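For the sequence shown, our numbering begins at 118 and goes up steadily by one. Every residue, glycine too, gets a C-beta built ideally from N, C-alpha and C. None of these values were measured; they are calculated from a predicted model. Below: the structure, in structure tokens.
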Amino acid sequence: MTMNDSKAVVVFSGGQDSTTCLFWALERFGEVTALTFDYGQRHKLEIERAAAIAQDLNVPHRILDMSLLGQLAPNALTRSDIAIEEQEGAPPTTFVDGRNLLFLSFAAIAAKQLGAKHIVTGVCETDFSGYPDCRDVFIKSLNVSLNLAMDYPFVIDTPLMWHDKAQTWELADQLGAFDYVRERTLTCYNGIVSDGCGECPACMLRQRGLDQYLAHRRGGVHEQ
């Protein structure tokens, strides 16, 4: 990929998906800024990881205070007394009402101030874990709304939208970032870097995708 002079803002948590998206953006845009949200999540290590990765990659990094979101929408990611669990017929307890709506809206405000037209996010409908605000229809709807609200030609880029976790690992590999993403990112709901605790839903999804991709890679088969 060749770089151009355009600018992008990456919604960045320091996890597998957003870090892969950060590498993706760095190949495509001339100037990239990482934007992390502090919404009262249990593990401040998430914010520390994001800052460390941005420093590693020499990417400007901003942290925005969104603690009000954690107060308004109690969930398992902000409250230690709420168990992390899947729920039949309902989003998992890790779903935060309005999170992507607010994150992307604030990312758009920041992007406009920076003169950036692209907002990159790692949302994914294929492995969306029951989160309604990760669906393609929501992203497209919000993209239109943001353009109208600020009279500005935003593009919300979703490079992982139709990737399962195995394909996300493959993309990281294609970007030359496989080992970095595996060793440096934090996906685990229990706050353990790299392969994580192996027991929470995020770790199991990540590991299942990793196993699938490594099996394909060993067999010389690459998912497209």
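- Kindly indicate which residue of Ser-258, Lys-234 and Cys-138 has the alpha-carbon position closest to the one of Pro-270. By 1-based counting over the sequence shown, the position of residue 270 is 153. It is Lys-234.
- Item | Cβ-Cβ separation, Gly-239 to Asp-134 (assumed contact under 8 Å), whole Å | If you number the sequence shown from 1, residue 134 lands on position 17. If you number the sequence shown from 1, residue 239 lands on position 122. For Asp-134 against Gly-239, the beta-carbon gap comes to about 3 Å, under 8 Å, which counts as contact.
- Message: Give me the DSSP bridge partner(s) of Ile-236.
- Response: Taking the first residue of the sequence shown as position 1, residue 236 is located at position 119. In the DSSP output, where bridge partners are listed per residue, Ile-236 has Val-126 and Ile-273.
- With 16 other Cβ atoms within 10 Å as the buried cut-off, status of Ala-319: On the sequence shown, position 202 is the one that residue 319 refers to. Counting every other CB atom within 10 Å of its CB across the protein chains shown gives Ala-319 a total of 16 or more, marking it as buried.
- Message: Taking only three categories from DSSP, how would you classify Leu-152?
- Response: Position 35 of the sequence shown, counting from 1, holds the residue named residue 152. Leu-152: strand per DSSP, three-state reduction.
- Item | Distance between Asn-307 and Gln-158 (C-alpha atoms, nearest Å) | To locate residue 158, count along the sequence shown from 1; it is residue 41. To locate residue 307, count along the sequence shown from 1; it is residue 190. Cα to Cα, Gln-158 sits roughly 11 Å from Asn-307.
- As assigned by DSSP and simplified to three states, the class of Asp-268: Looking up residue 268 in the sequence shown gives position 151. Of the three classes helix, strand and coil, the one that applies to Asp-268 here is coil, per DSSP.
- Query: Is the beta carbon of Met-278 sitting closer than 9 Å to the one on Thr-304?
  - Reply: Counting from 1 along the sequence shown, the entry for residue 278 is found at position 161. Counting from 1 along the sequence shown, the entry for residue 304 is found at position 187. In this structure, Thr-304 does not lie closer than 9 Å to Met-278 by Cβ.
- Query: Given Ser-311, which residues of its chain have a CB within under 7 Å of its CB, disregarding the five upstream and five downstream residues?
  - Reply: Numbered from its first residue, the sequence shown carries residue 311 at position 194. Here the set comprises Arg-299 and Glu-300.
- Item | Under the three-state DSSP convention, the category Ile-164 falls into | As a working note, residue 164 is residue 47 in the sequence shown. Correct three-state label for Ile-164: helix.
- Message: Within the continuous beta strand (DSSP E) that includes Asn-181, where are the two ends?
- Response: Your numbering for residue 181 matches position 64 in the sequence shown. What sits at residue 181 in the sequence shown is Leu, not Asn. Start and end: 178-182.
- Item | Close Cβ partners of Leu-181 (< 8 Å) along its chain, the five nearest in sequence each way excluded | For this step, residue 181 is matched to residue 64 along the sequence shown. Sequence-distant Cβ neighbours of Leu-181 in its own chain, meaning closer than 8 Å and more than five residues away, are Leu-152, Thr-153, Phe-154, Asp-155, Phe-223 and Ala-227.
- Item | For Ile-236 and Asp-274, believed in contact at Cβ under 8 Å, the rounded distance | Sequence index remark: in the sequence shown, residue 274 carries index 157 (1-based). Sequence index remark: in the sequence shown, residue 236 carries index 119 (1-based). Indeed they touch by this definition, with Cβ atoms about 7 Å apart.
- Near Ala-366, which residues of its chain fall below 7 Å by C-beta distance, leaving aside the five closest residues on each side in sequence? Given that the chain is displayed from residue 118 to residue 341, the structure contains no residue 366 and the question cannot be resolved.
- Query: Could you check where the alpha helix (DSSP H) with Val-298 kicks off and where it finishes?
  - Reply: For the purposes of this step, residue 298 is identified with residue 181 of the sequence shown, where counting begins at 1. Its alpha helix (DSSP H) spans residues 295-301.
- Please go through the same chain and pick out, in chain order, the residues whose beta-carbon is closer than 8 Å to the beta-carbon of Thr-302, but skip the five residues on each side of it. On the sequence shown, position 185 is the one that residue 302 refers to. Counting only Cβ-Cβ distances below 8 Å, and skipping sequence neighbours, we find Gly-131, Gly-132, Gln-133, Thr-136, Arg-166, Ile-170, Val-310 and Ser-311.
- Query: Cβ atoms of Tyr-248 and Ala-283: under 9 Å apart, would you say?
  - Reply: Within the sequence shown, the letter at position 166 stands for residue 283. Within the sequence shown, the letter at position 131 stands for residue 248. Result no, Cβ atoms of Ala-283 and Tyr-248 do not sit closer than 9 Å.
- Message: Using the three-state DSSP reduction, which class does Met-278 fall into: helix, strand or coil?
- Response: The residue given as residue 278 occupies position 161 in the sequence shown. Here Met-278 sits in coil by DSSP.
- Task: Tell me whether Val-127 is buried or exposed, calling it buried when 16 or more other Cβ atoms sit within 10 Å of its Cβ.
- Result: Along the sequence shown, one-based indexing puts residue 127 at 10. Val-127 is buried by the Cβ-count criterion.
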